Amino acid sequence: MSTTVVEAAGGIVYRWRDDAEILGRGDSDADLALEHLELCVVHRPKYNDWSWPKGKLENNESHRHAAVREIGEETGLAVALGAYLGEIEYPLEDEGKAKMHRIDPRKPRKHVCYWIASLIDSETAMKRRYAFGPINTDPNEVDNVEWLSPADARHKLTHPLDRGILDEFVRKVRDGILHSKMFLLIRHGKAESRKFWGGTDADRPLTPLGSAAAFALTREIACFGINRLVTSPWRRCIGTIQTFAWQTGLPVNLADDLTEDAFADHPDSAWDCIHHEMEITLRTGQTTAVCMHRPVIGGVFNHMRELCTRKSLAKKLPAKTPYMATGHAVVFNIIDSENGPQIIDIQKVSPIVY
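Quick note on numbering: the UniProt record's numbering labels position 48 of the sequence shown as 48, and the sequence is numbered without any gaps.
Rendered as structure tokens:
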């Protein structure tokens, strides 16, 4: 028997108290970091409850896009998403209540996805506004916003399920997630068939469907506060990334080592290029997105699996072609280590084409 499921999304927004930024991976460093963190909680007058900022998905909207939009609308904060935290589900009739009943599959329920979210500066927020879309604050949803320590937030939160999301946040902080930077790999949108294209492979363009997916992907990758773009110079890759570049005003850096021909001749050069871009990301703090081709992605994934701190992460990177669908992205949380970049979290991003 089918029933109504209300989809929603939100996040735990954090900031450093007194502008202190303490980043570490050891238990003692993590404890110190947690002592200097403040988390954003909101009060909803309709339910008289305290919770994480969140809200319902609009039509044709992804959970991640809704998370950024709803946080902005409820708090007025411009944020970028980090690692995915998890999901909760509860009976819709229990909205706003401290105690919740078991889910009855015959009754309406609410399903909420959560991310870690960090504040972005006004310049980054301004650059992404056309790619992301409008964020309009709603004073009726929330009447109070407070920044609390994780311990105080735990006492303030009304719902036990929200405290479970806080537990996952704390676990990720202990794993060093706040020490990480965001790095995205994008596979270009669907291109015209080699069989029917009369020009060179380098000039093969996106199909109309591929262009639609590339355009739709801009709304998704805008959630991560990207401020550096790199791509293979071949037409289908440039065509995938150029809409985001135009919408944000970001320059596009061309990397010849990421073409299919260059990869066929010198496979290690592509990995050297990606590894260098990861080092730039860690050194500058810039969130980087790189667009490239299917065979190149396969070669790069072979190396990236070795950088994963857990086997479960490495398994998220397919070892067989096509590695990832056209017009899709993979987002990595990377950290610096004695042995160079390491990957501590991975999430996949799909466009919504309608």
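From the three backbone atoms N, C-alpha and C, an ideal C-beta is built for every residue, glycine too. As the structure is a computational prediction, the values presented were derived from the model and not from experiment.
Reduced DSSP category for T281 - H, G, I as helix; E, B as strand; rest coil: As a first step, residue 281 is located in the sequence shown; it is residue number 281 there, counting from the start. Reduced to three states, the DSSP call for T281 is helix.
Stretch-stretch touch, CB-based, cutoff 8 angstroms, three pairs: the stretch 111–128 with the stretch 214–229: yes
For H63: DSSP bridge partner residues: Indexing the sequence shown from 1 puts residue 63 at position 63. Bridge partners of H63: none, in fact.
Straight-line gap, G24 to L32 (C-alpha atoms, nearest Å): Locating residue 24 in the sequence shown gives position 24, where the first residue counts as 1. Locating residue 32 in the sequence shown gives position 32, where the first residue counts as 1. The pLDDT assigned to G24 is 49, lower than 50, so where the model puts this residue is not dependable; a value taken from the coordinates is nonetheless given after this. Their Cα atoms are separated by approximately 9 angstroms.
From L157, T231, I186, W271, residue whose alpha carbon lies closest to that of L307: By 1-based counting over the sequence shown, the position of residue 307 is 307. Residue W271 is the option with its Cα nearest to L307.
Segment contact, 8 angstroms Cβ cut-off, at least three pairs: the stretch 4–13 with the stretch 46–55: yes
Integer Cβ distance of A80 from S118, believed to fall under 8 angstroms: Numbered from its first residue, the sequence shown carries residue 80 at position 80. Numbered from its first residue, the sequence shown carries residue 118 at position 118. Yes, A80 and S118 are in contact; Cβ-Cβ is about 6 angstroms, under 8 angstroms.
Distance between beta carbons of F301 and R282, contact taken as under 8 angstroms: By 1-based counting over the sequence shown, the position of residue 282 is 282. By 1-based counting over the sequence shown, the position of residue 301 is 301. Note that residue 282 corresponds to Leu in the displayed sequence, not to Arg. That belief does not hold up - the Cβ atoms of L282 and F301 are roughly 19 angstroms apart, past 8 angstroms.
Between the CA atoms of L185 and K267 - distance to the nearest angstrom: Start at 1 with the first residue of the sequence shown, and residue 267 comes out as number 267. Start at 1 with the first residue of the sequence shown, and residue 185 comes out as number 185. The question names Lys, yet the displayed sequence has Pro at residue 267. Spanning the two alpha carbons is a distance of roughly 17 angstroms.
Alpha-carbon spacing of A264 relative to R294, whole angstroms: The residue you call residue 264 lines up with position 264 of the sequence shown. The residue you call residue 294 lines up with position 294 of the sequence shown. Distance between the alpha carbons of A264 and R294 is about 12 angstroms.
Residues that DSSP places opposite Q342 in a beta bridge: In the sequence shown, residue 342 corresponds to position 342, counting from 1. Answer by DSSP bridge pairing, in chain order: I335.
Whether T287 touches Q247 by CB criterion (9 angstroms): The residue you call residue 287 lines up with position 287 of the sequence shown. The residue you call residue 247 lines up with position 247 of the sequence shown. Not closer than 9 angstroms, so no.
Closest Cα partner of residue 356 within the set P134, V331, M182: Residue 356 is absent from the structure shown; the chain starts at 1 and stops at 354.
The stretch 152–168 contacting the stretch 82–95, beta-carbon criterion three pairs below 8 angstroms: yes
Inter-residue spacing [alpha-carbon to alpha-carbon] between I352 and D336: Here residue 352 refers to the residue found at position 352 of the sequence shown. Here residue 336 refers to the residue found at position 336 of the sequence shown. Approximately 33 angstroms, taken between the alpha carbons.
Where the alpha helix (DSSP H) containing T231 begins and where it ends: As a position in the sequence shown, residue 231 is number 231, starting the count at 1. Per DSSP, T231 lies in no alpha helix (DSSP H) segment; the continuous beta strand (DSSP E) that holds it begins and ends at 228–231.
Stretch-stretch touch, CB-based, cutoff 8 angstroms, three pairs: the stretch 133–147 with the stretch 37–46: Using a C-beta cut-off of 8 angstroms, the stretch 133–147 makes contact with the stretch 37–46, since at least three inter-stretch Cβ pairs fall below that distance.
Reference E35, options L92, A314, V170, P108, closest by Cα: Counted from its first residue, the sequence shown places residue 35 at position 35. With distances taken between Cα atoms, E35 lies closest to V170.
Contact between the stretch 199–207 and the stretch 229–238 (3+ Cβ pairs under 8 angstroms): yes
Own chain residues within Cβ distance below 7 angstroms of C273, not counting five before or after: Here residue 273 refers to the residue found at position 273 of the sequence shown. Excluding positions up to five away in sequence, the list reads A255, D257, L258.
Whether I177 touches G82 by CB criterion (9 angstroms): On the sequence shown, residue 177 is found 177 positions in, with the first residue counted as 1. On the sequence shown, residue 82 is found 82 positions in, with the first residue counted as 1. Yes, the pair counts as a contact, with Cβ atoms nearer than the cut-off.
Limits of the alpha helix (DSSP H) - the one that E220 falls within: Start at 1 with the first residue of the sequence shown, and residue 220 comes out as number 220. From DSSP, the alpha helix (DSSP H) with E220 extends over 208–221.
Span separating the alpha-carbon of M324 from that of R187: Working through the sequence shown from its first residue, we reach residue 324 at position 324. Working through the sequence shown from its first residue, we reach residue 187 at position 187. Cα to Cα, M324 sits roughly 7 angstroms from R187.
Integer Cβ distance of D49 from H159, believed to fall under 8 angstroms: Start at 1 with the first residue of the sequence shown, and residue 49 comes out as number 49. Start at 1 with the first residue of the sequence shown, and residue 159 comes out as number 159. With a Cβ gap of about 7 angstroms, D49 and H159 count as contacting.
6 angstroms CB neighbourhood of F215 in its chain, flanking five on each side removed: Taking the first residue of the sequence shown as 1, we reach residue 215 at position 215. The answer, listed in chain order, is T243.
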